[in-house]
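Beneath this line is the structure, given in structure tokens, with notes to follow.
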Amino acid sequence: MKLATWNVNSLAVRLPQLLDWLQAQPVDAIVLQETKLTDDKFPHAALADAGYHTQWLGQKTYNGVALLSRTPATDITKNIVDFADEQARVIAGTVQGVRVIGAYFPNGQAPDSDKFVYKMRWLQALQGWIKAELASHPQLVLMGDFNIAPEDRDVYDPVALAGTIHCTPEERAHFQALLELGTVDAFRLFNQPPKTYSWWDYRMLAFRRNLGLRIDHVLVSTALKPQVLACTIDRLPRKNERPSDHAPVIVELAGLTA
DNA sequence: ATGACTCCCAGTGGGAGA
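If you want the numbering used here, it's the position in the first sequence, counting the first as 1, plus 44.
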């Protein structure tokens with residue numbers, strides 16, 4: 045079973061690239077972030093033609109998430125249960141017995157901003173909800189754009205970026221808290237090339253210079269950990285014309301087939 | 001370099017992203 049996450053930064057713009065990518069990487073399920081589409085504009089028919097059932101939660105201009113799966117997802121949940129949120133950031137469903145949670149974590153803008161306060165509240169609520177989800181779904185994958193670089197090795201210049209957004213101790217503590225609930229960072233289960241990132245700024249020729257951050261993650265519950273065969277970041281779509289600023293992350297699990 | 005790019009909604013600029 046292959047799962048993936050990708051912040052597409054506008055599905056209206058990136059739909060052709062997504063369809064191309066799904067042809068090359070026929071994953072069993074993928075979660076998308078920053079679709080930036082209201083629900084009425086979601087391109088479910090094009091994705092159905094490509095062989096995917098889709099669940100989505102959209103809004104105007106910002107955010108928006110979706111869950112695509114080859115077999116229908118069940119027990120769909122939208123946003124964090126019991127956390128009032130006007131922003132469309134989470135979609136969850138059960139796919140082939142695995143609880144798949146796709147999330148677009150708040151950016152936070154700057155540590156002294158109101159948006160950072162919201163990010164902290166959101167992370168706290170997520171933690172409580174994931175704890176409950178893990179209790180009822182031992183086989184769980186939480187993946188998406190976390191907007192957190194968990195360690196210095198996930199950042200192109202840890203000295204210059206120390207304490208800035210994505211790298212603050214508060215954000216990193218929340219990432220650790222998610223691990224302590226009983227999950228592992230699938231990417232770090234394997235030897236990885238150094239300086240592997242999932243996001244590069246559009247400016248500064250950042251991709252060409254590999255000035256990136258690893259902020260898109262796949263957390264796998266401890267019950268699923270023995271089944272993780274691989275976790276990779278696919279840089280190829282970042283080389284497209286008009287690319288998303290994020291690259292997809294793929295995880296492969298053994299022993300789960302449709 | 002307090003920049004740079006790309007998206008959106010706006011509308012002939014500005015906010016947000018990360």
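In this text, a Cβ means the ideal position worked out from N, Cα and C, and glycines have one as well.
Between the region 132-148 and the region 184-198, are three or more C-beta pairs nearer than 8 Å? yes
Quick one: residues in its chain with C-beta nearer than 6 Å to the C-beta of L170, no 5 flanking neighbours on either side, listed in chain order? Closer than 6 Å at the Cβ level, and outside the excluded window around L170, lie I124.
If I'm right that I294 touches A48 with Cβ under 8 Å, what's the distance once you round it to whole angstroms? 5 Å
Please look up how many angstroms separate the CB atoms of K159 and Q168, rounded, as I've assumed it's under 8 Å. About 15 Å separates the two Cβ atoms, so there is no contact after all.
What's the C-alpha gap between F234 and Q131? 34 Å
Assigned exposure category for L249 - 16 Cβ within 10 Å defines buried: exposed
Residues in its own chain within less than 7 Å of V199 by CB, not counting five upstream and five downstream? A193, L205, C211 and L257, listed in sequence order.
Let me check one thing: in DSSP terms, what residues is M187 bridge-paired to? G146 and V262
Take R286 and list the residues in its own chain whose beta-carbon comes closer than 6 Å to its own, dropping the five residues that flank it on each side. none
Going along the chain, which residues of its own chain have a beta-carbon closer than 7 Å to the beta-carbon of I277, five neighbours each way excluded? T240, S242, A291 and V293
Residues sharing a beta bridge with V139, DSSP: Answer is V142.
Meets three-Cβ-pair contact criterion under 8 Å: the region 133-141 and the region 99-111: yes
Go ahead and label V57 buried or exposed: buried means 16 or more other beta carbons lie within 10 angstroms of its beta carbon, across all protein chains shown. exposed
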